[in-house]
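Reviewing the structure listed below.
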Amino acid sequence: MPAHAGQYMRILGLLMEMFGLSSVAMSSRDGSGHWFGMTTDQVWTIVVVGFVFWAVGTVVNINEASRRRARRDDLD
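Okay, so the sequence shown: first residue is 1 according to the numbering used here, each after it adds one.
So, in structure tokens, the structure goes:
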């Protein structure tokens, strides 16, 4: 896995969440007017999937940092 894969996943997840939440915030009160003609359920699904991407990216970053730390300790 590339060294920056966790960061890319976190950024992608954050962008998905921002897209979904801004679509909810800018829609009308009756639920119409979401971007690209999506339903409210679809928009909230995008937000949840974005959060999962962000969380997995965070775990990947933590694992990569602990691997680097262990490698550095082995060299000492």
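The beta carbon of each residue, even a glycine, is placed where N, CA and C say it ideally should be.
If the criterion is Cβ atoms closer than 9 Å, does the pair L21 and V47 meet it?
Result yes, Cβ atoms of L21 and V47 sit closer than 9 Å.
Hey, would you say V24 sits closer than 9 Å to V43, going by beta carbons?
Yes, Cβ-Cβ distance for V24 and V43 is below 9 Å.
Is it buried or exposed, G37, if we count other Cβ atoms within 10 angstroms and call 16 or more buried?
Burial check for G37: the Cβ neighbour count within 10 Å stays below 16, so the residue is exposed.
Assigned secondary structure, D30 (DSSP; H/G/I helix, E/B strand, else coil):
In the three-state scheme derived from DSSP, where H, G and I count as helix and E and B as strand, D30 is classed as coil.
Of the residues M18, A5, Q7, A3, the one placed nearest G50, counting alpha carbons only
Closest by alpha carbon: M18.
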